[in-house]
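Each remark here refers to the structure printed beneath this line.
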Amino acid sequence: MAQVGTLDFKGFIEDRKEKRAGGVDGGGHAYAYVSDRNTRAAFDKMKPVELAVAASVRFFKAVGKSDLLGHAVKVGPNQFPRVHGIAAECAQTLGITTPTVYIVNDPRMNAATYGTNDDSFIMVHSALVDHFSDEDLRNVIGHECGHIHNSHVVYLTAMHYLKVMASRWLGPLVEPAMIALSSWSRRAEVTCDRAGLLCCKSLDVATRTFAKLALGSTKLYAELNMDAFLAQYEEGKDGVGRYRELMASHPYLPKRVMALRTFAESELYKKHVGQEGPGLTMEEVDEKVHEIIKVVG
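Following this line, the structure appears as structure tokens:
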């Protein structure tokens, strides 16, 4: 298997193409947002992304992994079994090996996936474990498992280190790669929101989790009216400020909610949760989602 990080990026791409053709690398998973897959395919021809990925993964293998895990505690059946069990359930749902999960002391409610496509791990902030129910965690960890399932990890790692570089006055140097990766990342998040929903099997749980993560508070969520919040977005969606989303790694929260509601109407999801009645094809879902998440046009 070709390895990224040894300057053999072309070998990595060829290896990924072979896997994609065989249908086992995540490139063709039925629930994945088609624009996520297409944008990643375009990366094969983009030199800034090629250089960013190769450099980032070399750094990750040499320094980054040890740095990220220096204050983390590994999850297992005999240590944090609650989280381990949820991760195992999500992995079984998506058909992947149970991922390596770590818990890190962090008051922010968040989780992230780092590494390479061959050596990845999920980092869960301690605040999530403290404040989220099992259902909520199943959605969050399922989302992160979606990144692994769809071979996103190497690009997420590149984005992580590019953001660090940009914060140290190197912004102009990394901007071309950051713009490309940010555009892809917004689409990748749509794919992984779907993975999280497939794992938790509840649209209410998934949208509740979105809101809690965005607010940073489980208490404030109790007072949030989601329909009023979505209406608020409609009032300002045509403003100039929407262009700031072009550099964002995630679609704005209302877009994620609306996109996931659309996926929940799909035949694929309805069959997954045992709902009766016809549903949208994935082509119909993706057409609607494209109109929801686009920034311009």
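Add 468 to a position in the sequence shown, counting from 1, and you land on the number used in the working numbering. We treat Cβ as the ideally placed atom computed from N, Cα and C, and that holds for glycine. Small disclaimer: the values here were computed from a predicted structure and weren't measured.
(1) Suppose only complete runs of 4+ residues qualify. What are the alpha helix (DSSP H) ranges in the segment 717-765, listed by chain order?
(2) Per DSSP, what are the beta-bridge partners of Gly544 in this structure?
(3) So for Thr584, helix, strand or coil by DSSP?
(4) Give the secondary structure of Phe589 by DSSP, where H, G and I count as helix, E and B as strand, and everything else as coil.
(5) If you draw a straight line from the alpha carbon of Phe766 to that of Lys687, how long is it in whole angstroms?
(6) For Ala559 and Thr565, which I take to be in contact (beta-carbon distance under 8 Å), what is that distance rounded to the nearest angstrom?
(7) May I have the straight-line CA-CA distance separating Lys529 from Gly742, to the nearest angstrom?
(8) Taking DSSP's pairing of strands, which residues face Val569 in a bridge?
(9) Identify, in the order they occur along the chain, each residue of the same chain with its Cβ nearer than 8 Å to the Cβ of Arg676, setting aside the five sequence neighbours on each side.
(10) Let me know the secondary structure DSSP gives Leu579 once reduced to three states.
(11) Just the Cα atoms here: how many angstroms apart are Pro644 and Ser651?
(12) What is the residue span of the alpha helix (DSSP H) that Ser524 lies within?
(13) Candidates His599, Ser601 and Val572: which alpha carbon is nearest His593's?
(14) According to DSSP, is Glu486 helix, strand or coil?
(15) Round the Cβ separation of Ala498 and Leu665 to the nearest angstrom and send it over; I've been treating them as touching at under 8 Å.
(16) Taking the C-alpha atoms as reference points, what is the distance between Ile590 and Val608?
(17) Using a Cβ distance threshold of 8 Å, determine whether the segment 652-662 contacts the segment 504-513, with at least three qualifying pairs required.
(18) When you compare only the Cα positions, how much space is there between Ala523 and Lys515?
(19) Does DSSP put Lys687 in a helix, a strand or coil?
(20) So, at 7 Å on beta carbons, what are the nonlocal neighbours of Met627 in its own chain, with the 5 sequence-adjacent residues on each side left out?
(21) Go ahead and label Gly745 buried or exposed: buried means 16 or more other beta carbons lie within 10 angstroms of its beta carbon, across all protein chains shown.
(22) Which of the three DSSP states, helix, strand or coil, is assigned to Gly610?
(23) Over what stretch of residues does the alpha helix (DSSP H) that includes Lys631 continue unbroken?
(24) Which runs of the alpha helix (DSSP H) fall wholly inside the segment 646-702 and span at least 4 residues, in chain order?
(25) What does the alpha-carbon distance come out to for the pair Val753 and Glu518?
On the basis of the data shown:
(1) 721-731, 735-741 and 750-761
(2) According to DSSP, residue pairing for Gly544 in a beta bridge involves Gln547.
(3) Correct three-state label for Thr584: coil.
(4) strand
(5) Here the chain comprises residues numbered 469 to 765, so residue 766 is not present and cannot be evaluated.
(6) Between Ala559 and Thr565, the beta carbon gap of about 6 Å places them in contact (Cβ cut-off 8 Å).
(7) 43 Å
(8) Ile590
(9) Asp604 and Tyr689
(10) Note that residue 579 corresponds to Ala in the displayed sequence, not to Leu. In the structure shown, Ala579 sits in a strand (DSSP, three-state: E or B).
(11) 11 Å
(12) Lys515 to Phe527
(13) The shortest C-alpha separation from His593 is found at Val572.
(14) Bear in mind that the predicted position of Glu486 carries a pLDDT of just 39, short of 50, making it unreliable; the figure below should be weighed with that in mind. Residue state, collapsed to three classes: helix.
(15) Contact doesn't hold; Cβ gap of about 14 Å is too wide.
(16) 11 Å
(17) yes
(18) 12 Å
(19) helix
(20) Leu649, Ser653 and Ser717
(21) exposed
(22) helix
(23) Val621 to Met633
(24) 671-683 and 686-689
(25) Here the C-alpha atom of Val753 lies approximately 31 Å from the C-alpha atom of Glu518.
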